[in-house]
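Below: one structure, written as structure tokens.
In the UniProt record's numbering, the protein residues as written are 1 to 669.
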């Protein structure tokens with residue numbers, strides 16, 4: 001797929017009435033093997049399926065529940081999750097979204113030609129639409145775009161918490177949302193009902209199916225590690241031979257500014273998010289007074305599951321069992337994992353980088369601000385580096401770079417200010433009487449400052465996937481200046497494994513990622529080989545320094561967790577919860593910041609600290625076990641110490657011996 005050609009779908013609609021738009025003829029193409037059926041028939045097909053009836057029979061034998069009681073439970077489950085597609089609701093939704101989007105956004109860009117090609121393909125195969133997920137707007141946006149282009153409206157897997165929103169929950173259901181519980185653990189009946197619901201829609205091709213392979217919204221603007229359960233259920237009809245093929249479409253939704261920026265920053269610091277409610281939605285009307293810039297919706301290259309599975313999967317094995325009893329083989333589990341990662345990497349490939357992301361990346365490395373002229377110079381340099389690595393930056397041709405940067409600053413006026421003296425600074429809180437400030441007041445102000453800085457960080461994060469592989473190579477050279485190629489690969493591999501929860505890497509492609517990064521850096525005259533060693537050229541030192549500063553906060557955050565695990569958790573063999581560990585490490589990070597020993601506020605992020613625990617578990621440095629239904633974690637002291645020392649060979653760290661009083665875990669299970 002070549003560079004997408006975008007068109008602004010709001011342009012014509014600004015001259016056209018919202019009512020007229022909502023009443024336009026809508027006649028989308030239909031899957032050729034689809035047998036039209038009402039939503040109630042879908043539910044009955046689920047309840048009468050061999051899969052569900054078989055599980056009911058098994059549970060009746062294993063428990064004291066009757067088959068009738070279990071069938072009633074299954075009926076309640078399918079009623080709870082079931083979708084509708086009512087044209088009256090869809091037209092109301094079209095009217096409402098058209099009005100809202102025209103108020104919120106300057107432009108909404110879509111690669112319409114590629115979507116029209118996909119519409120033709122949807123006649124031949126069931127379609128899975130897998131968008132990136134960084135805002136509540138995502139699933140609303142795809143339905144809106146589908147309506148605009150006469151594309152079949154998707155059925156959408158939505159979290160059950162949306163059902164509690166009065167009116168909105170019903171409207172979403174009537175526009176194609178089906179609801180799933182966030183977790184259903186060992187509930188075999190619910191899993192059977194949900195799996196059958198998903199698969200009957202795919203087998204019959206009633207509508208394209210949309211879900212988020214990341215599972216939940218990314219608060220950080222980075223892609224999340226994929227979840228495999230729903231994707232496994234969705235492609236099982238192909239593996240068992242129920243359908244000839246399934247078309248998987250990675251979709252990238254890129255925002256100049258997200259509606260939830262402030263909310264996300266607070267969540268990352270541990271301030272609970274408000275419960276989804278209609279009243280909360282109404283109170284959020286103030287967002288209509290703000291400008292949120294542009295959105296780019298890119299439908300990526302469609303993936304044929306059949307072609308991807310060719311030579312990798314032996315589907316004939318499923319002919320030995322009834323389809324509803326088929327179990328995934330190890331090869332099929334690996335295939336699903338690779339497909340999920342391939343989808344997210346494709347989403348990243350088609351992301352559109354906003355000028356604000358470049359501005360934020362530069363500002364993150366200048367905590368006291370800098371002059372506009374210097375900011376523009378650095379942003380233009382960074383844009384060149386990103387484009388060189390294949391990123392698509394939304395940078396109007398022949399536009400004055402200074403005007404582009406000023407527009408980005410204006411769009412994020414709640415975060416940054418361009419002063420009369422030409423200096424760009426963050427909108428940070430200032431103490432009225434710093435000498436009289438209590439410790440509690442200082443910590444409160446620290447969190448207020450962190451909220452602003454994390455909003456800048458989330459802007460930077462949109463850019464990280466572009467640089468991560470070359471950054472890990474350059475960070476591996478940061479202390480010694482040069483390494484043998486084998487030693488460089490060893491350190492690169494360590495960093496890749498350590499950070500695999502924060503960044504998306506294709507499993508098993510360590511060497512390919514390393515070779516590709518080194519080849520690029522060599523072509524760009526950033527690296528050179530001398531006497532059997534790889535080193536950074538003089539002209540490459542600026543990029544090395546910049547990327548080191550961009551990515552070192554992750555290592556610093558992981559190192560902080562190491563210190564916390566080595567001290568506060570060493571005396572309790574019972575283990576701690578993730579929340580206890582992340583909150584304790586966050587307290588330690590706050591102390592480091594308050595004492596001026598570190599300057600990067602990213603280490604306060606509970607998301608980063610939680611990812612460090614997951615990484616340590618996969619590396620054998622933390623043991624995970626369950627007690628009374630709770631997941632508990634216990635550090636392996638020697639392994640944590642070793643990880644800490646390895647990180648210290650790559651970044652500079654503060655001396656904790658005399659500067660920080662360790663904050664113990666206050667509560668245990």
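Every residue gets a Cβ at the ideal spot worked out from N, C-alpha and C, and that includes glycine.
- Distance from the CA of residue 113 to the CA of residue 576, rounded to the nearest whole angstrom, comes to 53 Å.
- Counting the other Cβ atoms within 10 Å of the Cβ of residue 250 gives 16 or more, which makes it buried.
- Excluding five sequence positions before and after residue 547, the CB atoms of its chain that fall closer than 8 Å to its own CB belong to 467, 470, 471, 474 and 475, given in chain order.
- Going by C-alpha positions, residue 123 is about 29 Å away from residue 136.
- With a beta-carbon spacing of about 10 Å, residue 162 and residue 180 fall beyond the 8 Å limit used to define contacts.
- Distance between residue 196 and residue 313, taken at the CA atoms: about 23 Å.
- Going by beta carbons, residue 456 and residue 425 fall outside the 9 Å limit.
- Per the DSSP secondary-structure output, residue 576 pairs in a beta bridge with 633.
- As the crow flies, the alpha-carbon of residue 293 is around 10 Å from that of residue 407.
- For residue 378, no beta strand (DSSP E) run applies; the uninterrupted alpha helix (DSSP H) run containing it begins and ends at 372 to 388, by DSSP.
- Secondary structure note for residue 34: it is in no beta strand (DSSP E), with a DSSP letter that is neither H nor E.
- In this structure, the straight-line span from the alpha carbon of residue 160 to that of residue 31 is close to 28 Å.
- The stretch 260 to 274 makes contact with the stretch 441 to 452, as at least three CB pairs between them are under 8 Å.
- Non-local C-beta neighbours of residue 649 in its own chain, meaning closer than 7 Å and more than five positions away in sequence, comprise 479, ordered along the chain.
- Restricted to the stretch 283 to 347, the beta strand (DSSP E) segments that are unbroken, complete and at least 3 residues in length are 294 to 299, listed in chain order.
- Ranked by Cα distance from residue 147, the first of 237, 24 and 186 is 24.
- With contacts defined by Cβ atoms closer than 9 Å, residue 507 and residue 337 form a contacting pair.
- Going by C-alpha positions, residue 60 is about 12 Å away from residue 188.
- Pairwise C-beta distances place the stretch 221 to 232 in contact with the stretch 344 to 354, as three or more of them are shorter than 8 Å.
- DSSP places residue 122 in no beta strand (DSSP E); its state is neither H nor E.
- With 16 or more neighbouring CB atoms inside 10 Å of its own CB, residue 205 falls in the buried class.
- Rounded to whole angstroms, the gap between the alpha carbons of residue 541 and residue 528 is 12 Å.
- For residue 102, the enclosing alpha helix (DSSP H) begins and ends at 87 to 104.
- Using a Cβ distance threshold of 9 Å, residue 443 and residue 594 count as a contacting pair.
- Going by C-alpha positions, residue 604 is about 11 Å away from residue 556.
- Cβ atoms of residue 588 and residue 564 come within 8 Å of each other, at about 5 Å.
- Here residue 288 is exposed, its C-beta having fewer than 16 other C-beta atoms within 10 Å.
- Counting along the chain, residue 180 sits inside the beta strand (DSSP E) bounded by residues 177 to 180.
- Residue 392 is bridged by DSSP to 352.
- Note that the C-beta distance between residue 358 and residue 382 is below 9 Å.
- If you look at residue 252, you'll find it isn't in any alpha helix (DSSP H); it sits in the beta strand (DSSP E) that goes 247 to 255.
- In this structure, DSSP gives residue 616 a helical state, which the three-state scheme calls helix.
- Bounds of any beta strand (DSSP E) do not take in residue 398, whose DSSP letter is neither H nor E.
- As the crow flies, the alpha-carbon of residue 585 is around 46 Å from that of residue 306.
- The straight-line gap separating the alpha-carbon atoms of residue 655 and residue 608 is approximately 22 Å.
- In chain order, 455 place their CB closer than 6 Å to the CB of residue 261, counting only its own chain and leaving out the 5 sequence neighbours on each side.
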